[in-house]
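Asker: Protein chains in written order, with this note's numbering: chain W, 2 to 453; chain V, 2 to 453.
Okay, handing you the structure first.
Protein chains: 2
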Amino acid sequence: MAGSSALGRESMRESTPRVVIVGGGFGGLTAAKALKNTPAKVILIDRTNHHLFQPLLYQVATSVLSPSQIGFPIRAILGKQKNTTVILGEVTAVDKGNNRVFVSDADRLDMPVTYDYLILATGATHSYFGRNEFEKFAPGLKSLADAVATRNKVLQTFELAEAEEDPSRHRDLLTFVLVGAGPTGVEMASALALLVKTTLKSNFRRIDPASARIVLVDMAPRVLGPFSEHLSQAAKQRLENLGVEVRLGHGVDQIDGDGVVVAGERIASKTVIWTAGVAPSPAGKWLKVETDRAGRVRIQNDLSVPGHPKIFVVGDTAAFEQDGKPLPGVAQVAMQQGRYAGKLITRRIAGGKQPAPFSYFDKGNMAVVGKGFAVLQSGKFQMSGLAAWLIWALIHLQFLVTPSLRLSVFLQWAWTQVTGQRGSRLIVNHHASAPASPAVEEAVLSSKRHIA
Amino acid sequence: MAGSSALGRESMRESTPRVVIVGGGFGGLTAAKALKNTPAKVILIDRTNHHLFQPLLYQVATSVLSPSQIGFPIRAILGKQKNTTVILGEVTAVDKGNNRVFVSDADRLDMPVTYDYLILATGATHSYFGRNEFEKFAPGLKSLADAVATRNKVLQTFELAEAEEDPSRHRDLLTFVLVGAGPTGVEMASALALLVKTTLKSNFRRIDPASARIVLVDMAPRVLGPFSEHLSQAAKQRLENLGVEVRLGHGVDQIDGDGVVVAGERIASKTVIWTAGVAPSPAGKWLKVETDRAGRVRIQNDLSVPGHPKIFVVGDTAAFEQDGKPLPGVAQVAMQQGRYAGKLITRRIAGGKQPAPFSYFDKGNMAVVGKGFAVLQSGKFQMSGLAAWLIWALIHLQFLVTPSLRLSVFLQWAWTQVTGQRGSRLIVNHHASAPASPAVEEAVLSSKRHIA
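Rendered as structure tokens:
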């Protein structure tokens, strides 16, 4: 039945080419927008209903912003783009031979979706460098669900410490370890430092949140590897001024329920967050084509897959070398590649000639380190401090996907700068409530704790 | 160990009386604030970290507001109130003989907390009138987790319908049944009607969200029972203008995975929401004292429990009659009772005389029905329409717990009024991702669906 239905569709669709885009992140969404006026049926498939502004995910994890300030329905963004259909579902396979992908959703498995052109913009997830057993103890930060889980965990540790009579247990509850000192690790560490020093101040009676220990670990010799040594040094200094312990030159040897081991030393911690490696999506496996060592699909200079001129791979899941160096996994690359792929397909459909090869224009890198301080590097130009932070804030506001989000995030940042209060300091337990209670008498006998 | 520690504390605390408040809702929070300058150690215990503005919970469930706009950390509200400690935990029992309650949190079971005065403000939950098997299919709306789950479910049904080729399956996916036509049911029904008619408009290609069927069921002969017949009629008319089917005079006989049965007729629906009865917290069972038929603790005219002059019960979990009628389970009652209990304890500690008995001052009732329309009744005065909605909006903004929430909710409402866009249309899956995929070939053979 499915077969005949699919074939029926295929024979019908001769006139209007179908462009299937997998992923509604920076790459996929930009590609879809570039196809706005193209005489094609565009189908964008994502496994979440929202476009996520990942660069601000750490601000959800640290209670500054609420999930809805960095996540916006893809359907609402593309609602007025009449040639585009949005499907909520997870792509499970690509059938190159029959030009179709398979999509599963909450109710259905492997629905076939046929394409004439395919853009895979499926991004990346965490990589534990072969130590997947770490994931249970050191979750990463890639989705809104991840960020909310981290927020719950961070806020919960302060609650548990406040209820804990034994001060020796406060130490590991109030120790936070971030593994990976790239932009996410640095931004997260400094946001945590501000959380404990300003927002949580005077909210507790038994513990002093400002006494929390925040440790940032990386095997690299400096923080913010992609930046100049001068800016790395400035960021490190700033982190240390905020009270963050920066441990460089050694990775973590071990992560478990009691904390981490770094260079032979155990750091007891109940909250370890993974801000290190990323691994590309399985696009390379779906396509069964050549990938780089990390698993990213090697693409040609028009972003198509060798031997498959109608299949394009963009963003974090693509391996593209320019000037002998692979392009980094950042939003700018994904957006420029998505736009290029969308325009190329438009030109092909119109019967135009092949455009010039893709070339990435690097506008530069930025990272925030605490309150009103950022580092910024663009080509040979570099700066740090408040002015860099203002530029960072303006650019990030500008790239939010709607005016309502821009206003809302702007007001929240202004409020947080002035008052230290954050916008979304919630623990929402989406699973069960507190543990079941045994008979009172029995529990009293065994209980070792008492709330003063 | 716990025993000696607890006793040790008890002998130490002679000088400063300890007031334990259970519940950080309207009743408990107001009581805590009334004890601000009292020479007492106040301990407020809640099982969530936030004070929840429950009257706007339906706006989270229908994507208008984000959870952080109606939930605010209790700890932050009371942070500057030096005599007050906040504990995140769930009370599991009260030991009247030894003046203590037992609290469990994520790490610990039944920690004893001793009190000199106890205020139980533990609210209410859903009641399925003895048909608890309905809960699985018709969840209620009492917590932020409930509201987010309902939001996910509502948004998800539109996604599933959009991906569904068989139009006969669209009907039950796009039918929403609300059981209970009190304020929550009416507000939820009208907010859903606006969602499908405005916010979701032109966001889908295969389905027309405006064709969704919204059914509001109640066994009562009219909607909004507590209001005058005239206002009930106005609200019903307004609901029908919005396209809501109002079915009165018959309760639901059955709720299951396929929908509901009302007066012998089956209404196929994948989304049934329980907006009917409430049941009080187990405060009466903890205390082993007399309750009314619903299980609410009968209290004296100073809100104390008969025979226990230092134990007070306030809000939805208390049964208090005035002029021969039980007070309703609304925020105003809880706040006035909480304030009274806090002031009474302050006076007792100061050695002053017993105040006049508690008397509820009814400021009136309001309910929103769709865009820019509310009904309002205060004593013999009643009104409906835009002016009533403006009063509703002003009063609700005023009762939000911080200025930042007031500004943020005000801006969101203005934005939604003008553009129809909502602030938090997210599906965030806090559990697992899409179902695991079996081998592609097998699935293709069995799949009956195809995305056009």
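Even for Gly, the Cβ is constructed at its ideal location relative to N, Cα and C.
Closest Cβ-Cβ distance between Thr49(V) and chain W: below 8 Å?
Answerer: Here residue 49(V) corresponds to residue number 48 of the second sequence, with the count starting at 1. It does; some Cβ of chain W falls within 8 Å.
Asker: Go through the segment 375-433 of chain V residue by residue and report every complete run of the alpha helix (DSSP H) that reaches 4 residues or more, in order.
Answerer: Whole alpha helix (DSSP H) segments, 4+ residues: 387-400 and 404-420.
Asker: For Ala94(V), is the beta carbon positioned less than 7 Å from some heavy atom of the ligand SAM?
Answerer: Looking at this structure, you won't find the ligand SAM or any other ligand, since it has none at all.
Asker: Which residues, in order along the segment 124-155 of chain W, keep a beta-carbon less than 9 Å from a beta-carbon of chain V?
Answerer: Those would be Ser144, Leu145, Ala146, Val149 and Ala150, in chain order.
Asker: For Asp257(W), name the three-state secondary structure that DSSP assigns.
Answerer: Translated into the one-based positions of the first sequence, residue 257(W) becomes position 256. Strand, per DSSP.
Asker: Whose C-beta lies closer than 8 Å to the C-beta of Thr17(W) among residues of the same chain, with five residues either side of it excluded?
Answerer: To locate residue 17(W), count along the first sequence from 1; it is residue 16. Answer for Thr17(W): Pro40, Ala41 and Lys42, listed in chain order.
Asker: By DSSP, does Ser105(V) sit in helix, in strand, or in coil?
Answerer: Stepping through the second sequence from its first residue, residue 105(V) is reached at position 104. Residue state, collapsed to three classes: strand.
Asker: Assign Pro184(W) to one of three DSSP states: helix, strand, or coil.
Answerer: Working through the first sequence from its first residue, we reach residue 184(W) at position 183. Looking at Pro184(W) - three-state DSSP - the assignment turns out to be helix.
Asker: Quick check on DSSP: helix, strand or coil for Pro68(W)?
Answerer: Position 67 of the first sequence, counting from 1, holds the residue named residue 68(W). Reduced to three states, the DSSP call for Pro68(W) is helix.
Asker: Mind reading off the beta-carbon distance from Val61(W) to Arg152(W)? Whole number of angstroms is fine, and I expect it under 8 Å.
Answerer: Counting from one through the first sequence, the residue named residue 61(W) turns up at place 60. Counting from one through the first sequence, the residue named residue 152(W) turns up at place 151. Contact flag correct, Cβ pair sits at about 7 Å.
Asker: Only counting the same chain, and skipping five residues up and downstream in sequence, which positions put a Cβ closer than 7 Å to that of Val253(W)?
Answerer: On the first sequence, position 252 is the one that residue 253(W) refers to. Within the same chain, Val253(W) has close Cβ partners Val180, Val218, Val261, Val262 and Val263.
Asker: Going along chain W in order, which residues have a C-beta closer than 9 Å to the C-beta of Lys455(V)?
Answerer: Summary: the structure shown does not reach residue 455(V), with chain V confined to residues 2 through 453, and so no result is reported for it.
Asker: What alpha helix (DSSP H) runs, 4 residues minimum, are completely inside the segment 222-281 of chain V?
Answerer: Runs found: 230-242.
Asker: Measuring only the C-alpha atoms, how far is Gln255(W) from Gly141(W)?
Answerer: Counting from one through the first sequence, the residue named residue 255(W) turns up at place 254. Counting from one through the first sequence, the residue named residue 141(W) turns up at place 140. Gln255(W) and Gly141(W): Cα-Cα distance of roughly 16 Å.
Asker: Quick one: what does DSSP say Met112(W) is sitting in, helix, strand or coil?
Answerer: In the first sequence, residue 112(W) corresponds to position 111, counting from 1. The answer is strand: DSSP assigns Met112(W) an E or B state.
Asker: Below 8 Å on the Cβ atoms is my guess for Leu249(W) versus Gln378(W); work out the distance and round it to an integer in Å.
Answerer: The residue you call residue 249(W) lines up with position 248 of the first sequence. The residue you call residue 378(W) lines up with position 377 of the first sequence. Not quite, the Cβ-Cβ distance comes to about 19 Å (not below 8 Å), so this is no contact.
Asker: Is the CB-CB distance between Asp173(W) and Ser282(W) below 8 Å?
Answerer: For the purposes of this step, residue 173(W) is identified with residue 172 of the first sequence, where counting begins at 1. For the purposes of this step, residue 282(W) is identified with residue 281 of the first sequence, where counting begins at 1. No, the pair does not count as a contact, with Cβ atoms beyond the cut-off.
Asker: Using 8 Å as the limit for Cβ to Cβ distance, is Gly260(V) near chain W?
Answerer: Within the second sequence, residue 260(V) is the residue found at index 259, counting from 1. No - not a single Cβ of chain W is within 8 Å of the one on Gly260(V).
Asker: Look at the alpha carbon of Leu225(V) and the alpha carbon of Ala235(V), and state the distance between them as a whole number of angstroms.
Answerer: The residue labelled residue 225(V) in the question sits at position 224 within the second sequence. The residue labelled residue 235(V) in the question sits at position 234 within the second sequence. When rounded, the distance between both Cα atoms is 10 Å.
Asker: For Arg214(W), name the three-state secondary structure that DSSP assigns.
Answerer: One-based indexing of the first sequence puts residue 214(W) at position 213. Three-state DSSP puts Arg214(W) in a strand.
Asker: Using a Cβ-Cβ cut-off of less than 8 Å, give me the residues of the segment 95-121 of chain V that come near chain W, in sequence order.
Answerer: Residues passing the 8 Å Cβ filter: Asp96, Phe103, Val104, Ser105, Asp106, Ala107, Asp108, Arg109, Leu110, Asp111, Met112, Pro113 and Val114.
Asker: Would you report the Cα separation of Val20(W) and Gln157(V), rounded to the nearest angstrom?
Answerer: On the first sequence, residue 20(W) is found 19 positions in, with the first residue counted as 1. On the second sequence, residue 157(V) is found 156 positions in, with the first residue counted as 1. Going from the Cα of Val20(W) to the Cα of Gln157(V) covers about 24 Å.
Asker: For Ala125(W), which residues in the same chain have their Cβ closer than 7 Å to its Cβ, ignoring the five residues on either side in sequence?
Answerer: Indexing the first sequence from 1 puts residue 125(W) at position 124. Val279, Ala280, Pro281, Ser282, Asp317, Thr318 and Gly330, listed in sequence order.
Asker: Using DSSP's beta-bridge definition, name the partner residues of Asp47(V).
Answerer: Along the second sequence, one-based indexing puts residue 47(V) at 46. Partner(s): Leu89(V).
Asker: Could you work out which residues of chain V lie near Ile428(W), taking near to mean beta carbons separated by less than 8 Å?
Answerer: Reading the first sequence from its first residue, position 427 is the one you call residue 428(W). Within 8 Å Cβ-Cβ: Thr49, Asn50, His51 and Leu89.
Asker: If contact means a Cβ-Cβ distance below 7 Å, which residues of the segment 72-86 of chain V contact chain W?
Answerer: For the segment 72-86 of chain V, which is checked against every Cβ of chain W, the residues closer than 7 Å are Gly72, Pro74, Arg76, Ala77, Gly80, Lys81 and Thr86.
Asker: Since Phe400(W) and Gly386(W) should fall inside the 8 Å C-beta cutoff, what is the C-beta to C-beta distance between them, to a whole number of angstroms?
Answerer: Translated into the one-based positions of the first sequence, residue 400(W) becomes position 399. Translated into the one-based positions of the first sequence, residue 386(W) becomes position 385. About 22 Å; that fails the 8 Å criterion.
Asker: When DSSP builds the beta bridges, which residues end up paired with Ile300(V)?
Answerer: Residue numbering aside, residue 300(V) sits at position 299 when the second sequence is read from its first letter. According to DSSP, Ile300(V) bridges with nothing at all.
Asker: Within a Cβ cutoff of 7 Å, which residues of the same chain sit near Thr85(W), ignoring the five residues on either side of it in sequence?
Answerer: Start at 1 with the first residue of the first sequence, and residue 85(W) comes out as number 84. Correct list, in chain order: Ala33, Val43, Leu45 and Leu79.
Asker: For Gln55(W), would you say it is in contact with chain V, using Cβ-to-Cβ distances shorter than 8 Å as the test?
Answerer: Along the first sequence, read from residue 1 onward, the residue named residue 55(W) stands at position 54. Not an interface residue.
Asker: Just to confirm before moving on: does the CB-CB distance between Gly325(W) and Ala122(W) stay below 8 Å?
Answerer: As a position in the first sequence, residue 325(W) is number 324, starting the count at 1. As a position in the first sequence, residue 122(W) is number 121, starting the count at 1. Against a cut-off of 8 Å, the Cβ pair of Ala122(W) and Gly325(W) comes out as no contact.
Asker: Note down, in chain order, all residues in the segment 301-317 of chain W with a beta-carbon under 7 Å from any beta-carbon belonging to chain V.
Answerer: The segment 301-317 of chain W vs chain V, Cβ under 7 Å: nothing.
Asker: Could you run through the segment 402-417 of chain V and flag, in chain order, every residue whose CB is less than 9 Å away from some CB of chain W?
Answerer: Residues Thr403, Ser405, Leu408, Ser409, Leu412, Gln413 and Trp416.
Asker: Should the segment 402-419 of chain W be called in touch with the segment 407-426 of chain V, which here means at least 3 C-beta pairs below 8 Å?
Answerer: The segment 402-419 of chain W is in contact with the segment 407-426 of chain V.
Asker: Kindly list the residues whose CB is nearer than 6 Å to the CB of Gly296(W), restricted to its own chain and excluding five residues on each side of it in sequence; keep chain order.
Answerer: The residue you call residue 296(W) lines up with position 295 of the first sequence. Here the set comprises Pro281 and Gly285.
Asker: Given a cut-off of 8 Å on the beta-carbon distance, is the pair Ala213(W) and Leu175(W) in contact?
Answerer: For the purposes of this step, residue 213(W) is taken as the residue at position 212 of the first sequence. For the purposes of this step, residue 175(W) is taken as the residue at position 174 of the first sequence. Result yes, Cβ atoms of Ala213(W) and Leu175(W) sit closer than 8 Å.
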